[in-house]
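There are 2 protein chains.
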Amino acid sequence: MTKAKFDREETINSAVELFWKNGFNGSSMQQVTKATGLKPGSIYLAFENKQGLYQEALDLYANKSLEGIQHQIDQAASPGEAICQILQEMVRTASEKNYNSCFLVKSQLELASENSELHAFANQKLQQIEALYAHNLTPEFGEDLANARAASIMFHIFGIRVYGYHKKSPDVLLRALQDGLPWLPWPDHA
Amino acid sequence: MTKAKFDREETINSAVELFWKNGFNGSSMQQVTKATGLKPGSIYLAFENKQGLYQEALDLYANKSLEGIQHQIDQAASPGEAICQILQEMVRTASEKNYNSCFLVKSQLELASENSELHAFANQKLQQIEALYAHNLTPEFGEDLANARAASIMFHIFGIRVYGYHKKSPDVLLRALQDGLPWLPWPDHA
DNA sequence: CGTCTGCTTGAATGATCATTCAAGAAACTA
DNA sequence: TAGTTTCTTGAATGATCATTCAAGCAGACG
Numbered sequence: 032m033t034k035a036k037f038d039r040e041e042t043i044n045s046a047v048e049l050f051w052k053n054g055f056n057g058s059s060m061q062q063v064t065k066a067t068g069l070k071p072g073s074i075y076l077a078f079e080n081k082q083g084l085y086q087e088a089l090d091l092y093a094n095k096s097l098e099g100i101q102h103q104i105d106q107a108a109s110p111g112e113a114i115c116q117i118l119q120e121m122v123r124t125a126s127e128k129n130y131n132s133c134f135l136v137k138s139q140l141e142l143a144s145e146n147s148e149l150h151a152f153a154n155q156k157l158q159q160i161e162a163l164y165a166h167n168l169t170p171e172f173g174e175d176l177a178n179a180r181a182a183s184i185m186f187h188i189f190g191i192r193v194y195g196y197h198k199k200s201p202d203v204l205l206r207a208l209q210d211g212l213p214w215l216p217w218p219d220h221a
Numbered sequence: 032m033t034k035a036k037f038d039r040e041e042t043i044n045s046a047v048e049l050f051w052k053n054g055f056n057g058s059s060m061q062q063v064t065k066a067t068g069l070k071p072g073s074i075y076l077a078f079e080n081k082q083g084l085y086q087e088a089l090d091l092y093a094n095k096s097l098e099g100i101q102h103q104i105d106q107a108a109s110p111g112e113a114i115c116q117i118l119q120e121m122v123r124t125a126s127e128k129n130y131n132s133c134f135l136v137k138s139q140l141e142l143a144s145e146n147s148e149l150h151a152f153a154n155q156k157l158q159q160i161e162a163l164y165a166h167n168l169t170p171e172f173g174e175d176l177a178n179a180r181a182a183s184i185m186f187h188i189f190g191i192r193v194y195g196y197h198k199k200s201p202d203v204l205l206r207a208l209q210d211g212l213p214w215l216p217w218p219d220h221a
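Which chain is which? The protein sequence lines are A and B, in order. Take the first sequence: its letters are residues 32 to 221, numbered as in this note's numbering. Take the second sequence: its letters are residues 32 to 221, numbered as in this note's numbering.
See below:
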C-alpha cells in the first residue's frame, strides 16, 4: 500500500483547519503530520516546506470563499440581496461558541512583519474578494461607486471578524452593518 | 553594579514593541532578553513566565491607549470632535510604511483558541476602551444610544485596523468612516 | 523478468524553544 | 563587621521545532 499518491485537497483541507485555528507560528509540522496522517517526507516532497503548505491552505480557503460568494450572488434576486445574506451569515457565525474569525484576516495580522510573502499572499486574496464584490456591483452602480462600495463592504466584514469575539448580541453587529451600509436591501425588522 | 532593580516600565515597553510586532508565538524569550538587556533569571523572577510578561505588556499598552483617548476628549471642544480626530489619526497611521495594526486586536486574533487567558485579557481591555467611549458619549446621547454608538465606533476601528494593510488611499477609509458614523462632527471636505 | 521512476516511510539532525537554578554581588539590618 | 535579604547572572536543561534523507515499496516500461 505505497505509491497511490495521497489526496492533495484533503490534505490541504486538514492543514486549513489546523492553521486557521492555531496560526502559522502556533502550528507545528508535527501537528500537521498528525492532522493529515502523512509522514514528514511526503509533506515536504509535495509542498516543499511549512510556508508552501500554508500558502496552499490560504489559496484553497480563499478560492472556496470566492466560489461561495459568487454562488450566493448567482442564486439571489440581486447582488445586494446576496451580500445582505452573506453578512447576516457572518454575524450568525460570529455568535457561535468556537468562533474563529477568518483565516485570511488572521494570517494577514499574524504575518505582517514576519513573513512578507505569506502576508502579501493573504492580502492579495482579500483584494480578490473585494474585486469580486466590486465586479458584481458595477452593473447597478457603475464602476467608481461599485469600487467604493466594495471597499466599504470589506471594511465592515473586517469589523465583524474582530468584533465577533466580543460575544455581544448579534443585534449590535447587525445594526452597525445596516447603519454603515444603508444602500443594501436589508430585510425589514431584521 | 547589581541590585538596583531594573526599570520595570521600560522593560515592559520593550516587550510591547517586540510582542506587538511579532506576536506571542512569533517572539522568543531569547529575543526578549536581547530587547530588554536583561538576563532570563531577572525576567522570570519579575514576571513569572512568558505569559506573565505578555499580559503586562497588553496591560501597559491598553492603559496608555485609554489615557490617550481620555486626554484627547478632555482637550477637544466635544467628545465627538475628539473621536473624529482619533479616527483620522488611525487612518493616517494605517498609511505609514511599517503599519502594525493594534496590539490588542492582533493578540485577540492570534490567541483566540490557544491561550484563553491572554485572549480574555485582551478582550476585556478592548471592552474597557468601548466603555470609555460610551461613558463620554452618554451626556450627549443618553446611555442606550451612547452604548450603541460606542459599539459602532469599535466596529469601525477594527475595520481600520485590518483594512489598513491594503494600502489603498486613505480616502477610502475616511469615506467608509464618514458613511458609517454620520452622527460624528466630521470636518467639511475632509 | 529486471530496471526505473515516483512515492512513502520514519528515525535522525541540529537549531531553537521556554524555563531553571546555583552562584555571586550589592544594599539593608543590627 | 557579620548576616540576611534581594536582585542579577548566564550556562545548562530537556522539550520541541522545521527539515532531511537513506531505505523500501509499488506500479510502469521494456
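By construction, the Cβ of each residue, glycine as well, lies at the ideal position given by its N, Cα and C atoms. Since this is a predicted model, take the numbers as computed values, not measurements.
Hey, is residue i's beta-carbon within less than 8 angstroms of any beta-carbon in chain A?
{"i": "residue 140 of chain B", "result": "yes"}
{"i": "residue 174 of chain B", "result": "no"}
{"i": "residue 94 of chain B", "result": "no"}
{"i": "residue 126 of chain B", "result": "no"}
{"i": "residue 145 of chain B", "result": "yes"}
{"i": "residue 77 of chain B", "result": "no"}
{"i": "residue 132 of chain B", "result": "yes"}
{"i": "residue 154 of chain B", "result": "yes"}
{"i": "residue 216 of chain B", "result": "no"}
Determine, for residue i, whether the minimum Cβ-Cβ distance to residues of chain B falls below 8 angstroms.
{"i": "residue 137 of chain A", "result": "yes"}
{"i": "residue 179 of chain A", "result": "yes"}
{"i": "residue 73 of chain A", "result": "no"}
{"i": "residue 182 of chain A", "result": "yes"}
Hey, how far is the Cα of residue i from the Cα of residue j?
{"i": "residue 165 of chain B", "j": "residue 68 of chain A", "result": "50 angstroms"}
{"i": "residue 217 of chain B", "j": "residue 121 of chain A", "result": "30 angstroms"}
{"i": "residue 157 of chain A", "j": "residue 93 of chain A", "result": "8 angstroms"}
{"i": "residue 188 of chain B", "j": "residue 194 of chain B", "result": "10 angstroms"}
{"i": "residue 183 of chain B", "j": "residue 203 of chain A", "result": "8 angstroms"}
{"i": "residue 152 of chain B", "j": "residue 105 of chain A", "result": "42 angstroms"}
{"i": "residue 112 of chain B", "j": "residue 62 of chain A", "result": "50 angstroms"}
{"i": "residue 84 of chain B", "j": "residue 75 of chain B", "result": "9 angstroms"}
{"i": "residue 45 of chain A", "j": "residue 66 of chain A", "result": "6 angstroms"}
{"i": "residue 114 of chain A", "j": "residue 101 of chain A", "result": "10 angstroms"}
{"i": "residue 52 of chain B", "j": "residue 90 of chain B", "result": "16 angstroms"}
{"i": "residue 50 of chain A", "j": "residue 219 of chain B", "result": "45 angstroms"}
{"i": "residue 32 of chain B", "j": "residue 86 of chain B", "result": "With a pLDDT of 42 at residue 32 of chain B, under the threshold of 50, the modelled position of that residue is not reliable, and no figure is offered here."}
{"i": "residue 148 of chain A", "j": "residue 214 of chain B", "result": "40 angstroms"}
{"i": "residue 103 of chain A", "j": "residue 117 of chain A", "result": "8 angstroms"}
{"i": "residue 130 of chain B", "j": "residue 168 of chain B", "result": "29 angstroms"}
{"i": "residue 56 of chain B", "j": "residue 205 of chain B", "result": "33 angstroms"}
{"i": "residue 177 of chain B", "j": "residue 191 of chain B", "result": "21 angstroms"}
{"i": "residue 197 of chain A", "j": "residue 70 of chain A", "result": "39 angstroms"}
{"i": "residue 39 of chain A", "j": "residue 88 of chain A", "result": "11 angstroms"}
{"i": "residue 186 of chain B", "j": "residue 209 of chain A", "result": "13 angstroms"}
{"i": "residue 201 of chain A", "j": "residue 125 of chain A", "result": "8 angstroms"}
{"i": "residue 133 of chain B", "j": "residue 43 of chain A", "result": "30 angstroms"}
{"i": "residue 159 of chain A", "j": "residue 180 of chain B", "result": "31 angstroms"}
{"i": "residue 95 of chain A", "j": "residue 41 of chain A", "result": "14 angstroms"}
{"i": "residue 207 of chain B", "j": "residue 64 of chain A", "result": "44 angstroms"}
Applying the 10 Å Cβ sphere with the 16-neighbour rule, what's the burial state of residue i?
{"i": "residue 212 of chain A", "result": "buried"}
{"i": "residue 54 of chain A", "result": "buried"}
{"i": "residue 72 of chain B", "result": "exposed"}
{"i": "residue 108 of chain A", "result": "exposed"}
{"i": "residue 99 of chain B", "result": "exposed"}
{"i": "residue 11 of chain A", "result": "With chain A covering 32 to 221 only, the question about residue 11 of chain A has no answer from this structure."}
{"i": "residue 154 of chain B", "result": "buried"}
{"i": "residue 7 of chain A", "result": "Since the first and last residues shown for chain A are 32 and 221, residue 7 of chain A lies out of range."}
{"i": "residue 37 of chain A", "result": "exposed"}
{"i": "residue 123 of chain A", "result": "exposed"}
query: Using a Cβ cut-off of 7 angstroms, which residues of the region 42–57 of chain B contact any Cβ in chain A, in chain order?
result: 52, 53, 54, 56, 57
message: If the cut-off is 9 angstroms on Cβ atoms, which residues from the region 185–199 of chain B count as contacting chain A, listed in chain order?
response: Contact residues of the region 185–199 of chain B toward chain A are 185, 186, 187, 188, 189, 190, 191, 192, 193, 194, 196, 197, 198, 199 (C-beta to C-beta distance below 9 angstroms).
- prompt: Quick one: any contact between the region 137–156 of chain B and the region 139–152 of chain A, if contact means 3 or more CB pairs under 8 angstroms?
  reply: yes
- request: Give the residues from the region 200–213 of chain B that approach chain A closer than 7 angstroms (Cβ to any Cβ), ordered along the chain.
  value: Only 203, 206, 207, 210, 211 from the region 200–213 of chain B bring a Cβ to less than 7 angstroms from some Cβ of chain A.
message: At a CB distance below 7 angstroms, what residues from the region 158–172 of chain B approach chain A? Give them in sequence order.
response: 158: these are the residues of the region 158–172 of chain B whose beta carbon lies less than 7 angstroms from some beta carbon of chain A, given in chain order.
query: Using 8 angstroms as the threshold, is the region 171–180 of chain A in touch with the region 67–84 of chain B, meaning 3 or more CB pairs across them?
result: Contact between the region 171–180 of chain A and the region 67–84 of chain B is not established, with fewer than three Cβ pairs separated by less than 8 angstroms.
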